[in-house]
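All remarks here apply to the structure that follows.
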Amino acid sequence: MSNAPSPFVRAALDAAATLPSTGIAWLDAARAENLDAFAVTGLPEGRDEAWKYTPLRALSQRGFALADRAAAVAAIVDPALYALPGVDGGRVVFVDGAFRADLSSLDADGVEWTPLSGALSTHPEPLRFALANRYRRAAADAFAHLNAALSTDGLVLRISEGVALAKPLHIVHVSSGVQGDSAWHVRVLVEIGKYASAEIVEHFVSAGAAAQLGTLVSDVVAGEGARLGLVVVQDASVATTLVRRSHVRLDERAEVTLHALELGGALVRHEVSAELVGDGARFDSRGVFALSGRQHADTQLEIRHNARNTASDALWRGIADGRSRGVFRGAIVVSEGADGTDASLSNKNLLLSGQAEIDTKPELEIYADEVKAAHGATIGQLDERSLFYLRSRGIPLVQARSLLTLAFCRAVFESLPNEALREHLGELLVAHLPTSPAAE
Amino acid sequence: MNESENMTRDVAAPVRDNAEVEAALNRRYEAGFVTDIESTSLPPGLSEDIVRQLSAIKQEPEWMTEWRLAAYRHWLTMPEPDWAKLDIAPIDYQAVSYYSAPKAGPKSLDEVDPKLLETYEKLGVPLHERARLAGVAVDAVFDSVSVGTTFRKELAEAGVIFCSMSEAIREHGDLVRQYLGSVVPTGDNYFAALNSAVFSDGSFVFIPKGVRCPMELSTYFRINAINTGQFERTLIVAEDDAYVSYLEGCTAPMRDENQLHAAVVELVALERAQIKYSTVQNWYPGDENGVGGIYNFVTKRGDCRGADSKISWTQVETGSAITWKYPSCVLRGDRSVGEFYSVALTHHRQQADTGTKMIHIGKGTKSKIVAKGISAGRSSNSYRGLVKIEKGADGARNYTQCDSLLIGKKCGAHTFPYMEVKNPNAIVEHEATTSKISDDQLFYCLSRGIGEEDAVSMIVDGFCKQVFRELPMEFAVEAKKLLEVSLEGAVG
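Taken in sequence, the protein lines are chains A and B. The numbering of the first sequence is the working numbering, which starts it at 768 and goes up by one. The numbering of the second sequence is the working numbering, which starts it at 2 and goes up by one.
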């Protein structure tokens, strides 16, 4: 915390000054509060435990103006950029943080949705609790403050009670590439009604190589008995800085499964916090990052068991090549009284280069005794004997490595029920896997 | 005060039996008595003046005084660490007396105040007896000064130096100067800096080249006086091809005030040297409501400087209101090995944040961590560890296993392992589990006619076996007993 605000903070303050009033007193107040809080704390520093392995010194020296809304709405984006096989249940597209009605089409029974900008201009009051209250609760996190202070658009999505969506919904965030070093901030609110079921794919892509900053804060509530499959595909340009934070609340017997594929970005931070507040809830998460060059990806997973007989299973893989750095924190918290919890976490990492680094920190915090909790983490490299075996069968080294690397992270997608999507993500991953033999 | 100078090296041995070891361990906190002997203390408070006075009392050379002062000045600039998962009531460093010594300076071990010897006997450390029977050389530290070191003659013949730190500073100044602070620098952390400024005594061990220390060395620490802190400093140096096994035990009387204990232990292992360091820590843990007890803030670090050296830490932590302790290994020498075996038990309102650091620098270095945490009552027990593989540590290997056992609904068991790897030829593995004593196991024992408490202590014993195996035999027996005592009333 230095006295003079960093260029990053200065630019954020300047950006806030350009935002017109929303015309909603409580929202303006919440924004101002968050902006103040952000200005006071600035970006987290190395001493901040939560950011220990993700230094933001370089980022703090950069300033981002807000992406221009008119330009974002006018930008030409090729839909082929974000086409995903197996994901055809309707689509909502944001370009540089602005909702694009022309590219979005979502019309399914039992699905209510509006862009946040629209909802605020027509019916702001129902959003008051989510927007004004949560902001305060998110205190102490700089990016949440920043997002709350500067986000003007986003999505409000509600799936009605008992509705089972047959096809997956696609939420796309495009970086247009026409706006240089600019920033966008998006806020998403999702509610899955009681006993409803859905699959939602959150997708990040870039049209160009602009060095944009994007922040996304989402709140997901899975009601009693609801089932949600959440897939995150992050394939942004390697110049992008992306900070995502999602909070998932699970009511009684709700089941949420997250699959995350982390491929792009220069500096990416993905925070997932799942709170199992209803008895019998279950949260499973699977994810993989494949990094090369100078990429930096940081996944922060926190699973809180606050009710009885809840379960969670986490399976995360990381691959770091080149001069990249992969960071993982996976915390399982079992609160007092959360008896019958069954939690496990596995984090395995492949370190493929002498210049790359992996930092991992699986944590257990347990306050109840009728509990089964376990975690395991490894950092290592491809098994020499397996490589030798494959080569002895005439498979070239490059191919053998890529085969074994794929095998290493395969388990992550095995449980994805959407077969077409599963195949596609596998291919996407293979394309990102390092092909050059690292240390021969 | 110049007590250690005149101590006899020859030790007479009035025979006493070891039944008192058991008696001492058999009830709640039996070590909680106060020995009524007059002691000399410095007035409470900490200033450059106190540091100078302390140094003067100990008749230290100029360089030592300066070293302490530098540490003190550095300490003033440091913030108290707050990252551990501990809830620490504010500590008033000015209310602590930084020096306390029994008044009647003993002229020889035979002249050591009988009351004091009795204290040790109650604790199960009859200096003469136990030492001779077990072949253990004991250096007992009472409050701040070393009251007697046994078996010095035998050790001297082997070329081993084993004496109090005060004596070492006076008589082996060059050696001390060469190594003191070389593993834990004075400014390493808040408590290490404090210790460097005010440490009053401790043990110094030097094993010269090629010597295998003929017996196990041991220190027994005891805090007796009220409002005193104990700041001991231990330095063990094993030269090339040397071997030593060192044991340390600690107790303190029951008092309602919290007492401060901030120790620093430094180990240096040169080429092919091996140091095995075992601790049984049984400081007064406070009562059921968390009143009183020792604040145990300890910095322990071993430096495997030479190739093929090995440092092994084994600890059984059952005492203290608060434990903040991370015995670490810096694996600098190629193929050096670090080990950490730990059992930490917390009950009532005890809090422990303990673990280890393994820093792999040399090629082919290996480390192994086995940590067992047992929480009962309303206690909080955290494992915090770091495994760091530096860029040059080709082929480094680490295996970590931490298991937690919960006994009761109100306690907490936490695991915070950090793994940082910068070398693609290294393999780091971590596993952790948390569970309670399984109903099946308990039922089985009960059905065989084993009482519930016995069953629990049997299961706990099994849970800790991997660690107890690493302890020297008498310590393993003591550790097992301690666990039973500490767990009394935890079940049911």
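Just so it is clear, CB atoms sit at the ideal spot from N, CA and C, and this is done for glycine as well. Source: prediction; values computed, not measured.
8 Å Cβ cut-off: residues of chain B touching residue i
| i | result |
| --- | --- |
| A1178(A) | Ordered by position in chain B, no residue passes the 8 Å Cβ test against A1178(A), which lies about 17 Å from the chain. |
| V1197(A) | Near V1197(A) there are no residues of chain B at all, since even the closest Cβ is about 21 Å away, more than 8 Å. |
| D1126(A) | Y419, M420, E421, V422 |
Proximity winner among the options, relative to residue i (alpha-carbon distances)
| i | options | result |
| --- | --- | --- |
| G363(B) | H349(B), A372(B), D304(B), H431(B) | D304(B) |
| F163(B) | M420(B), I237(B), S201(B) | I237(B) |
| S1004(A) | R1061(A), G921(A), D869(A), P935(A) | R1061(A) |
| H173(B) | F476(B), F207(B), D202(B) | F207(B) |
| A839(A) | D920(A), A909(A), G857(A) | D920(A) |
| G944(A) | L786(A), G790(A), K1139(A), D845(A) | D845(A) |
| A1006(A) | V1055(A), G947(A), F1050(A) | G947(A) |
| V97(B) | E67(B), H349(B), L47(B) | L47(B) |
| V371(B) | H348(B), T315(B), L346(B), R398(B) | T315(B) |
| S201(B) | D288(B), L43(B), P82(B), L488(B) | L43(B) |
| R836(A) | G853(A), L917(A), H890(A), W1083(A) | L917(A) |
| E969(A) | L936(A), R954(A), R1016(A) | L936(A) |
| P1184(A) | A799(A), A965(A), L1043(A), S1102(A) | A965(A) |
| L1034(A) | D1065(A), F1056(A), H1026(A), G1054(A) | D1065(A) |
| R1168(A) | D1051(A), F1155(A), W1083(A) | F1155(A) |
| S167(B) | L181(B), I438(B), S219(B) | L181(B) |
| E1029(A) | V1010(A), A963(A), E1181(A) | V1010(A) |
| I312(B) | Q54(B), Y247(B), I276(B), V212(B) | I276(B) |
Residue i at chain A interface by Cβ criterion, 8 Å
| i | result |
| --- | --- |
| T324(B) | no |
| T435(B) | yes |
| R28(B) | Note that R28(B) scores a pLDDT of 44, beneath 50, so its modelled location is shaky; the value from the coordinates is reported in the next line. Not an interface residue. |
| A135(B) | Residue confidence is low: A135(B) scores 42 on pLDDT, short of 50, so the model does not pin down where it sits. Its coordinate-derived value is still stated next. Not an interface residue. |
| K392(B) | yes |
| L407(B) | yes |
| K369(B) | no |
| A198(B) | no |
| E1(B) | Residue 1(B) falls outside the range modelled here, since chain B spans only 2 to 493, and no answer is possible. |
| K410(B) | yes |
| T220(B) | no |
| H415(B) | yes |
| W64(B) | no |
Neighbour list for residue i in chain B, Cβ cutoff strictly below 7 Å
| i | result |
| --- | --- |
| L1119(A) | P425 |
| K1139(A) | S436 |
CB contact below 8 Å: residue i versus chain B
| i | result |
| --- | --- |
| G1143(A) | yes |
| Y1134(A) | yes |
| E1130(A) | yes |
| E746(A) | Examination of residue 746(A) is not possible in this model, given that chain A is present from 768 through 1207 alone. |
| A1205(A) | Confidence at A1205(A) is low in this model, with a pLDDT of 43, below 50, so its placement is unreliable and no value can be given for it. |
Expected contact under 8 Å - CB spacing of residue i and residue j to nearest Å
| i | j | result |
| --- | --- | --- |
| D242(B) | K210(B) | 6 Å |
| T355(B) | Y327(B) | 7 Å |
| A989(A) | A1021(A) | 4 Å |
| A477(B) | F469(B) | 5 Å |
| P425(B) | L1118(A) | 5 Å |
| A760(A) | L833(A) | The requested residue 760(A) is not part of the displayed model; chain A covers only 768 to 1207. |
| Y278(B) | L268(B) | 6 Å |
Interface partners of residue i on chain A, CB under 9 Å
| i | result |
| --- | --- |
| I428(B) | T1145, I1146, G1147, Q1148 |
Amino acids of chain A, ordered along the chain, whose beta-carbon sits closer than 8 Å to that of residue i
| i | result |
| --- | --- |
| H361(B) | None at all; the shortest Cβ gap to chain A is about 12 Å. |
Exercise for review: Return the residues of the stretch 1052-1063 of chain A that lie within a Cβ-Cβ distance of less than 9 Å from chain B, sorted by chain order.
Suggested key: Here the close residues number zero.
Selection of the stretch 75-97 of chain B by Cβ proximity to chain A, strictly under 7 Å:
Cβ contacts with chain A come from W84.
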